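Undergrad:
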Amino acid sequence: MASAITVLLDGVAAGMLLFVLSVGLSVTLGLMNVVNLAHGAFGMLGGYVCVVLLNRLGVPFPLALLAAAAAAAAMGFVLERLLYVHIYGRDHLTQVLFSIGLVFIMGAVADWLMGARTQLIQLPSWLSGRMEFAGIGLGRYRLFLIILCGFVALALHFGLVRTRFGARLRAAVDDGVVARGMGLPVGRIFSITFALGSGLAGLGGALGVEILGLDPNFPLKYMVYFLVVVAVGGANSVAGPFLAALLLGVVDVAGKYWIPEVGAFIIYTAMVVLLLARPQGLLARAK
Amino acid sequence: MSAALETRGLTRRFGAFVAVDAVSLRVEPGARHALIGPNGAGKTTFVNLLSGALAASAGQVSLLGRDVSAAPQHLRVRLGLARTFQVNQLFAELTAMQATTMALAERAGLGAIWWRPLFGMAGLRAEAQQLLDTVRLPDAARHQRTASLPYGRQRLLEIALALAMRPRVLLLDEPAAGVPPADSREVLAAVAALPRDVAVLLIEHDMDLVFRFAERITVLAFGAVLADGAPSEIARSPAVREAYLGSTEVAHG
Amino acid sequence: MILLHAIPWAGALAGYWLFPEQLPLLSAIAIAALFAVSLDLIVGYAGLVTLGQAAFFGAGAYTAGILAQQGWGEPFSGLLAAAAVAALLGLISAPLVLRAGELAGLMVTLGLGLMLYEAANKAAAITGGADGLQGVEMWPIFGLYRFDLWGRTAYLYSLAVLFVLFMLARLLVASPFGWSLRAIRGNARRAPALGVPVKARLTAAYVIAAAYAGVAGGLLAQTTSFASLDALSFQRSADGLLMLVLGGLGSLYGALLGAVAFTVAHHALSEASPVFWQFWLGIALVALALAGQGGLLGLARAAIARLRRR
Chain A
393 MASAITVLLD GVAAGMLLFV LSVGLSVTLG LMNVVNLAHG AFGMLGGYVC VVLLNRLGVP
453 FPLALLAAAA AAAAMGFVLE RLLYVHIYGR DHLTQVLFSI GLVFIMGAVA DWLMGARTQL
513 IQLPSWLSGR MEFAGIGLGR YRLFLIILCG FVALALHFGL VRTRFGARLR AAVDDGVVAR
573 GMGLPVGRIF SITFALGSGL AGLGGALGVE ILGLDPNFPL KYMVYFLVVV AVGGANSVAG
633 PFLAALLLGV VDVAGKYWIP EVGAFIIYTA MVVLLLARPQ GLLARAK
Chain F
437 MSAALETRGL TRRFGAFVAV DAVSLRVEPG ARHALIGPNG AGKTTFVNLL SGALAASAGQ
497 VSLLGRDVSA APQHLRVRLG LARTFQVNQL FAELTAMQAT TMALAERAGL GAIWWRPLFG
557 MAGLRAEAQQ LLDTVRLPDA ARHQRTASLP YGRQRLLEIA LALAMRPRVL LLDEPAAGVP
617 PADSREVLAA VAALPRDVAV LLIEHDMDLV FRFAERITVL AFGAVLADGA PSEIARSPAV
677 REAYLGSTEV AHG
Chain Y
34 MILLHAIPWA GALAGYWLFP EQLPLLSAIA IAALFAVSLD LIVGYAGLVT LGQAAFFGAG
94 AYTAGILAQQ GWGEPFSGLL AAAAVAALLG LISAPLVLRA GELAGLMVTL GLGLMLYEAA
154 NKAAAITGGA DGLQGVEMWP IFGLYRFDLW GRTAYLYSLA VLFVLFMLAR LLVASPFGWS
214 LRAIRGNARR APALGVPVKA RLTAAYVIAA AYAGVAGGLL AQTTSFASLD ALSFQRSADG
274 LLMLVLGGLG SLYGALLGAV AFTVAHHALS EASPVFWQFW LGIALVALAL AGQGGLLGLA
334 RAAIARLRRR
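Protein chains in written order, with this note's numbering: chain A, 393 to 679; chain F, 437 to 689; chain Y, 34 to 343.
#1: So if I threshold CB-CB distances at 9 Å, which residues from the stretch 484-498 of chain A count as touching chain Y?
#2: Indicate whether A244(Y) and G91(Y) have their beta-carbon atoms separated by less than 7 Å.
#3: Sort A459(A), G481(A), F453(A) and F490(A) by Cα distance to A471(A) and report the nearest one.
#4: What residue range is occupied by the uninterrupted beta strand (DSSP E) comprising A657(F)?
#5: Taking 7 Å as the threshold (beta carbon to beta carbon), is F482(F) in contact with chain Y?
#6: Rounded to the nearest angstrom, how far is the Cβ of L429(A) from that of V622(A), given a contact under 8 Å?
#7: Among G403(A), T585(A) and V565(A), whose alpha-carbon lies nearest the alpha-carbon of N425(A)?
#8: Is it buried or exposed for G315(Y), if we count other Cβ within 10 angstroms and need 16 for buried?
#9: Evaluate I492(A) with the Cβ neighbour count: other Cβ atoms within 10 Å of its Cβ, from every protein chain shown; 16 or more gives buried, anything less gives exposed.
#10: Report the CB separation of G281(Y) from L290(Y) in whole angstroms; it is logged as a contact under 8 Å.
#11: Give me the chain Y residues within the contact set of A500(A), using Cβ-Cβ distance strictly less than 8 Å, ordered along the chain.
#12: Please state the DSSP three-state secondary structure of A221(Y).
#13: Report all residues from its chain with a CB closer than 7 Å to the CB of A489(F); omit the five preceding and five following residues, and keep chain order.
#14: Who are the neighbours of E472(A) on chain Y, taking C-beta pairs under 9 Å?
#15: Specify whether the stretch 162-174 of chain Y and the stretch 216-235 of chain Y touch according to this definition: at least 3 beta carbon pairs, one from each stretch, less than 8 Å apart.
#16: With respect to the beta strand (DSSP E) encompassing H469(F), which residues constitute its N-terminal and C-terminal limits?
#17: Count the other CB atoms, across all protein chains shown, that sit within 10 Å of the CB of T684(F); report buried if there are 16 or more and exposed otherwise.
#18: Would you check if there are 3 or more beta carbon pairs closer than 8 Å linking the stretch 429-444 of chain A to the stretch 564-581 of chain A?
#19: Does the distance from the CB of L129(Y) to the CB of L668(A) come in under 7 Å?
#20: Please report how far the alpha carbon of F582(A) lies from the alpha carbon of L576(A), in whole angstroms.
#21: Go ahead and label F634(A) buried or exposed: buried means 16 or more other beta carbons lie within 10 angstroms of its beta carbon, across all protein chains shown.
#22: Check whether the stretch 611-618 of chain F and the stretch 551-562 of chain F touch, using three or more Cβ-Cβ pairs below 8 Å as the test.
#23: With 7 Å as the threshold, decide whether the Cβ of M533(F) is near any Cβ in chain Y.
#24: Straight-line CA distance for G48(Y) to A163(Y)?
#25: Closer than 8 Å, Cβ to any Cβ of chain C: which residues of the stretch 140-169 of chain Y, in chain order?
#26: Starting from T661(A), find everything on chain Y with Cβ-Cβ shorter than 7 Å and list it in chain order.
#27: Answer with buried or exposed for P631(F), where buried requires no fewer than 16 other C-beta atoms within 10 angstroms of its C-beta.
#28: Helix or strand or just coil, what does DSSP make of L84(Y)?
#29: For V601(A), which residues of its own chain have a beta-carbon under 7 Å away from its beta-carbon, when the five flanking residues on both sides are left out?
#30: What residue ranges within the stretch 255-304 of chain Y form continuous alpha helix (DSSP H) runs of no fewer than 4 residues, ordered along the chain?
#31: DSSP has F453(F) in a bridge; who is on the other side?
#32: Is the distance from the Cβ of T420(F) to the Cβ of G478(F) below 7 Å?
#33: Can you tell me where the beta strand (DSSP E) holding D664(F) begins and where it ends?
#34: Would DSSP call V643(A) helix, strand or coil?
#35: Return helix, strand or coil for R677(A), following the three-state DSSP convention.
#36: What do you reckon, are the CB atoms on L607(F) and V463(F) nearer than 7 Å?
Here's what the structure looks like:
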């Protein structure tokens, strides 16, 4: 029986990771009202970039993480300009089909290039192993995740609240027509935001290789998790998705430790119940 | 005799903002009643409360003597309350004939029938043609996709669909809004030709139309009733002039 | 006009003699077509997008499969049971989906579908879990026609069920009920102002579509003597949506056409490699989404209209 505190900390680490992976979706889906089921594909890209750099080229882990984020951001930017712009404002069925299509394409490409197997990485020694902390065992990598992702969350929170870009984004999302009329470059704001969200997903994907596993099925396998974070957390703040992700991480890890026979059923049930209990979490800003 | 439509203390809040504030209004059977007020006075919210599209925060609505405050939209329609929308709410992919026939079937209580084709119901088809005659929608326009009709024609269909409900009370939300001046005569003719036994509540900006049409006027400002009376009284009311400050439109009457 | 309707069905029947080697594929097409019709009713006509239609397909498959496995192999009553169980599931879940609102409702359908998948996965004692349901044994149809190795009976049986349910669906979409669904899809604000009880109608459509999907799943279990988690998977829901937009949303023949095109392409491309198929499927989805909806049937209609104008 794992100690409750270890489970809790593992859950928090998983939740933090989930937050970084999904926060971009909470902007595209929650604020921009685009059903983007392909969000996980950016995470997958980040994961593969990290694996290749780390395993084949021997790039140091922190650099590989940065490169993963940059690659995912670049792909997000290009896809947004080329494709996503055409499905803003279209009906949900179109957005669903479009994004499922992207998932299939990227999954197939990943399969061709990297094979269907689950990828493994060798973490640097300073991140592997466990350490004792007042009698509580905690993996170094989990601790690293908590610190890094916590830092990202704080940066985002203050970035969105305090900076001019944050204010412009909120204006553009609130009323695109008015914002355009006021001379805000709404298109550019959206594409920068999209790229940022994709980049964070890429970072999350790279960080998650060790914990979530990485294979061409990654985007579909974790799609529901991302959606839950957005649905439960809402899109009004950084804190909402952050808390939702933590909750989800802890519930998921605890479930896997203590009642593995129920499996993912808990998460799906939680998703449905929470959607019904507070759909405004999802739709708070949508009219 | 009970009113065709009556509200008592009808209120709607959005957070701290009171959009409609304890409005009590009585529309007599067969009335030609206008509801006017400056922009943002709460007119459209009020219509949505009457039709049941929005739930009231407080107060009652009664229709032909029955309390319908808790009734959903479609039941109020069945009890005789129909409405048009300020901005056309039509079925872009359906033709005028299809939409009207569908609406008539619903009105006749046949809407749940699944085993007979709608267009096999000859009576409904004839009735739909008649209705489109009433609003003078040209024959050629009846079998085109609604989206391909000019706005003025769509406006006629908007009214025809409401009439298909065979209402006892009809709410007209700015029937001439958005219609180019050249086509507005058709729309106004359709409004003037409404059956006399139907009580009409007209929500309107255009004072010309209001004073030509209405036999009674209620003025709404900041969500509350500011004045209520015959058109001549309203035209003379200083409070109303105050509310429309800077505008001389009211003096038209 | 009647002739025009006869052509696809005559073609489907001719397939029985023309492709005696490919009858299992033809059965798969008929089953996919019924699934696409079920999705068309709820998505194409009523305008309610769902990501979890496979839940009903799978429920039907396991119902018919388990019945036969437990010793009741009569085909038609098996299909009825499949329809009933799926419809009941639909009736239970419809209020949840409708209550949540548009975007959240979409996710509720996804969540419910995944819940059922996981439940079937974990209830291995009943469903066989990841190994699938073994030992499904069907009785002969009318006590006369055995399900043979070449899939002759299976194809004619599937085709007959598809034909009957397709005609029923045609009746349904032409009725006042069917038109009220189009009205709800066309303008959900106006429909209630015309006296349409939107929730009740959408619930009815949802339940009917669920029953259709249940029959399709039941057919699959009966004709292949097998039911597996695949029947409940998200992939199946997504495939169904693709068939629908490929053929043309909101037209029943479009659903048929889409199912034929999709299943044949799947068969042909998967033989090369499953990844190859997945790639091209993705390309087709993106292209269709960007090009707008009309599907193959829309393209054909536009072409005919152009020819007529000449």
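Quick reminder that beta carbons are idealized off the backbone N, C-alpha and C, glycines included. For clarity, every value in this text was computed on a predicted model and none was experimentally measured.
TA: If we stick to the structure as given:
#1: H484, L485, T486, Q487, V488, L489, F490, S491, I492, G493, L494, V495, F496, I497 and M498
#2: no
#3: According to the sequence provided, residue 471(A) is Leu. The question's Ala does not apply to it. Residue F490(A) is the option with its Cα nearest to L471(A).
#4: R652 to A657
#5: For F482(F), no CB of chain Y lies under 7 Å from its own CB, so it is not counted at the interface with that chain.
#6: So it is not a contact: roughly 12 Å between Cβ atoms.
#7: V565(A)
#8: buried
#9: buried
#10: G281(Y) to L290(Y), Cβ: 7 Å. Contact.
#11: V308, F309, Q311, F312 and G315
#12: coil
#13: Closer than 7 Å at the Cβ level, and outside the excluded window around A489(F), lie Q509.
#14: By Cβ distance, chain Y contributes nothing, its closest Cβ being about 14 Å from E472(A), past 9 Å.
#15: Between the stretch 162-174 of chain Y and the stretch 216-235 of chain Y there are fewer than three inter-stretch CB-CB distances shorter than 8 Å, so the stretches are not counted as touching.
#16: R468 to I472
#17: Residue confidence for T684(F) is low, a pLDDT of 49 falling below 50, so the modelled location carries little weight and cannot support an answer.
#18: no
#19: Closer than 7 Å, so yes.
#20: 11 Å
#21: With 16 or more other Cβ atoms within 10 Å, it is buried.
#22: no
#23: Not a single C-beta of chain Y is nearer than 7 Å to the C-beta of M533(F).
#24: 34 Å
#25: Looking for chain C here will not work: the only protein chains present are A, F and Y.
#26: M148
#27: Answer is exposed; the Cβ neighbour count stays below 16.
#28: coil
#29: G439, C442, V443, Q511 and I513
#30: 267-280
#31: According to DSSP, F453(F) bridges with F450(F).
#32: With chain F running from 437 to 689 in the structure shown, residue 420(F) is simply not present.
#33: A660 to G665
#34: helix
#35: No answer about R677(A) holds up, because its pLDDT of 44 lies below 50 and its placement is not dependable.
#36: no
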